[in-house]
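Since the structure comes first, as structure tokens, the remarks are kept for the end.
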């Protein structure tokens, strides 16, 4: 193959790839991105943990409270030998307190260099939503918006997408 | 299996519904409340943020730095090797006012909070916190 032919093929491929990227971008703008969420119930409402941040879901093991720490940190639990902090997202979101029921589950999330558990009233589903992440509604309870990445439409309702970083590192 | 030469002897006790541990070497002796000599008495509510049992302390720990910690119940003396110990998760260590809880111990599925007597008694360099001590 002569050099000019090679250049021509390379240019053609590059042009095709550019076109493919533009098509994907246009489709994304038209239909929204695909968001994978683990839906959990918190205080009668559905919220979603970004699925790529969820390591596992476990039944609540005994939680040892640690005195003198903020009340949204419930304490520590021993998960197969790993000591994890357990947080109550309901307290942060202004939804009351997490209650340990038979439906209750701990969602273990991965953070940079750490893992932590979040107590949920129950785990509902793992869903795939195609749409745009909208900013949290202004009508949300005071202070809740800071713990949400945004909201997405799922069926006939809006689901709050939890901001794991903000939940882990609550701003005082 | 050989015993871990670095294993710590931990005295386990319950206080305010929580399982705690303290290195046996930091405890001078265990006494009944009526046998406690005069000396600084640590108030668990102020120093640890836990309310003792309503029935009152069952035992008191005479700590080596020279203070008395009333506890609800003395449970056991257990060896904890490095496999049974873990650092406090950073999220929790960062939220504590000082290093009074220096690690956690794993006993079965339970977690015990390991106390540092020197920090508790305010005798640790840099701790500088004698809050919670009362002349008893």
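Protein chains in written order, with our numbering: chain A, 215 to 386; chain B, 671 to 806. C-beta atoms are modelled at their ideal positions from N, C-alpha and C, and glycine is treated no differently.
Exercise for the section: Return helix, strand or coil for residue 695 of chain B, following the three-state DSSP convention. Expected result: Working through the second chain from its first residue, we reach residue 695 of chain B at position 25. Helix.
Practice task
Could you check what DSSP says for residue 767 of chain B in three-state terms: helix, strand or coil?
Solution key: Taking the second chain and counting its residues from 1, the one referred to as residue 767 of chain B is at position 97. Three-state DSSP puts residue 767 of chain B in coil, outside helix and strand.
Handout entry: Below-9 angstroms beta-carbon distance, residue 789 of chain B vs any chain A residue
Key = Working through the second chain from its first residue, we reach residue 789 of chain B at position 119. So, not an interface residue.
Practice task
Sort A:264, A:381, A:331 and A:227 by Cα distance to residue 273 of chain A and report the nearest one.
Solution key: Taking the first chain and counting its residues from 1, the one referred to as residue 273 of chain A is at position 59. That would be A:331, whose Cα lies nearest to the Cα of residue 273 of chain A.
Practice task
Reducing DSSP to helix, strand and coil, say where residue 283 of chain A ends up.
Solution key: Stepping through the first chain from its first residue, residue 283 of chain A is reached at position 69. Coil, per DSSP.
Practice task
Grab me the residues of residue 780 of chain B's own chain with a C-beta within less than 7 angstroms of its C-beta, minus the 5 sequence neighbours each way, in chain order.
Solution key: Indexing the second chain from 1 puts residue 780 of chain B at position 110. Answer for residue 780 of chain B: 689, listed in chain order.
Problem - Distance CB(residue 731 of chain B)-CB(residue 739 of chain B) smaller than 9 angstroms - result: Your numbering for residue 731 of chain B matches position 61 in the second chain. Your numbering for residue 739 of chain B matches position 69 in the second chain. The answer is yes: Cβ separation under 9 angstroms.
Handout entry: residue 755 of chain B - partner residues in DSSP beta bridges
Key = Locating residue 755 of chain B in the second chain gives position 85, where the first residue counts as 1. Answer is B:775, bridged to residue 755 of chain B.
Handout entry: Nearest candidate by alpha-carbon position, reference residue 724 of chain B, set B:789, B:741, B:717 and B:784
Key = Here the question's residue 724 of chain B lines up with position 54 in the second chain. Of the listed residues, the one whose Cα sits closest to residue 724 of chain B is B:741.
Handout entry: Identity of the residues DSSP links to residue 730 of chain B by a beta bridge
Key = Along the second chain, read from residue 1 onward, the residue named residue 730 of chain B stands at position 60. When DSSP reads this structure, residue 730 of chain B sits in a beta bridge with B:701 and B:740.
Exercise for the section: Use the C-beta contact count for residue 365 of chain A: other C-beta atoms within 10 angstroms, 16 or more gives buried, fewer gives exposed. Expected result: Here residue 365 of chain A corresponds to residue number 151 of the first chain, with the count starting at 1. Its Cβ being crowded by 16 or more others within 10 Å, residue 365 of chain A is buried.
Handout entry: Option in B:687, B:743 and B:681 with minimal Cα separation from residue 703 of chain B
Key = Along the second chain, read from residue 1 onward, the residue named residue 703 of chain B stands at position 33. The shortest Cα separation from residue 703 of chain B among B:687, B:743 and B:681 belongs to B:743.
Handout entry: the segment 678-698 of chain B in contact with the segment 746-754 of chain B per 3-pair CB rule at 8 angstroms
Key = yes
Practice task
Pair every Cβ in the segment 308-326 of chain A with every Cβ in the segment 259-268 of chain A, then say whether three or more of these pairs are closer than 8 angstroms.
Solution key: yes
Problem - Whole-angstrom distance between residue 231 of chain A and residue 269 of chain A, CA atom to CA atom - result: As a working mapping, residue 269 of chain A is identified with position 55 in the first chain. As a working mapping, residue 231 of chain A is identified with position 17 in the first chain. Each residue's Cα considered, the two are about 34 angstroms apart.
Handout entry: Simplified DSSP state of residue 748 of chain B, which is helix, strand or coil
Key = Here residue 748 of chain B corresponds to residue number 78 of the second chain, with the count starting at 1. In this structure, DSSP gives residue 748 of chain B an extended state, which the three-state scheme calls strand.
Handout entry: Beta carbon proximity, residue 731 of chain B to chain A, threshold 9 angstroms
Key = Position 61 of the second chain, counting from 1, holds the residue named residue 731 of chain B. Closer than 9 angstroms: no.
Problem - residue 275 of chain A: contacting residues in chain B (beta-carbon distance under 7 angstroms) - result: For the purposes of this step, residue 275 of chain A is identified with residue 61 of the first chain, where counting begins at 1. Near residue 275 of chain A (Cβ distances below 7 angstroms), the residues of chain B are 779.
Exercise for the section: Note down, in chain order, each residue of its chain lying with its Cβ closer than 6 angstroms to the Cβ of residue 212 of chain A, except the 5 sequence neighbours on either side. Expected result: Since the first residue of chain A shown is 215 and the last is 386, residue 212 of chain A is not available in this structure.
Exercise for the section: Could you have a look at residue 339 of chain A and say whether DSSP puts it in helix, strand or coil? Expected result: Here residue 339 of chain A is taken as the residue at index 125 of the first chain, counted from 1. In the structure shown, residue 339 of chain A falls within a strand segment according to DSSP collapsed to helix, strand and coil.
Handout entry: Top-ranked residue by Cα proximity to residue 371 of chain A, from A:335, A:337, A:253 and A:246
Key = For this step, residue 371 of chain A is matched to residue 157 along the first chain. Of the candidates A:335, A:337, A:253 and A:246, the one whose C-alpha sits nearest the C-alpha of residue 371 of chain A is A:253.
Handout entry: Contiguous beta strand (DSSP E) assignments of at least 3 residues, all confined to the segment 243-268 of chain A
Key = Taking only runs of at least 3 residues, the beta strand (DSSP E) segments lying wholly in the segment 243-268 of chain A are 247-256 and 259-264.
Exercise for the section: Using alpha carbons as the reference points, say which of A:343, A:244 and A:326 lies closest to residue 379 of chain A. Expected result: In the first chain, counting from the first residue as 1, residue 379 of chain A sits at position 165. Ranking A:343, A:244 and A:326 by Cα distance to residue 379 of chain A puts A:326 first.
Handout entry: Residue-chain proximity (residue 295 of chain A, chain B), Cβ-Cβ < 9 angstroms
Key = As a first step, residue 295 of chain A is located in the first chain; it is residue number 81 there, counting from the start. Yes, because at least one Cβ of chain B sits closer than 9 angstroms to the Cβ of residue 295 of chain A.
Handout entry: Below-9 angstroms beta-carbon distance, residue 766 of chain B vs any chain A residue
Key = Walking along the second chain from the start, residue 766 of chain B turns up at place 96. It does: the Cβ of residue 766 of chain B has a partner Cβ on chain A nearer than 9 angstroms.
Handout entry: Per-residue burial, residue 350 of chain A [other beta carbons within 10 Å of its own, 16 or more giving buried]
Key = Working through the first chain from its first residue, we reach residue 350 of chain A at position 136. Buried, since its Cβ has 16 or more Cβ neighbours within 10 Å.
Problem - Where the beta strand (DSSP E) through residue 199 of chain A begins and ends - result: Absent from the model: residue 199 of chain A. The displayed extent of chain A is 215 to 386, so no value can be given.
Problem - residue 755 of chain B and residue 775 of chain B closer than 9 angstroms at C-beta - result: The count along the second chain starts at 1 and reaches residue 755 of chain B at position 85. The count along the second chain starts at 1 and reaches residue 775 of chain B at position 105. Cβ distance < 9 angstroms, so residue 755 of chain B and residue 775 of chain B count as in contact.
Practice task
Please say whether residue 696 of chain B and residue 763 of chain B have beta carbons closer to each other than 9 angstroms?
Solution key: Within the second chain, numbered from 1, the residue matching residue 763 of chain B stands at position 93. Within the second chain, numbered from 1, the residue matching residue 696 of chain B stands at position 26. The answer is no: Cβ separation not under 9 angstroms.
Problem - Through-space distance from residue 264 of chain A to residue 244 of chain A, alpha-carbon basis - result: As a first step, residue 244 of chain A is located in the first chain; it is residue number 30 there, counting from the start. As a first step, residue 264 of chain A is located in the first chain; it is residue number 50 there, counting from the start. The alpha-carbon of residue 244 of chain A is positioned some 22 angstroms away from that of residue 264 of chain A.
Exercise for the section: May I have the straight-line CA-CA distance separating residue 233 of chain A from residue 242 of chain A, to the nearest angstrom? Expected result: In the first chain, residue 233 of chain A corresponds to position 19, counting from 1. In the first chain, residue 242 of chain A corresponds to position 28, counting from 1. In a straight line, the C-alpha of residue 233 of chain A is about 14 angstroms away from that of residue 242 of chain A.
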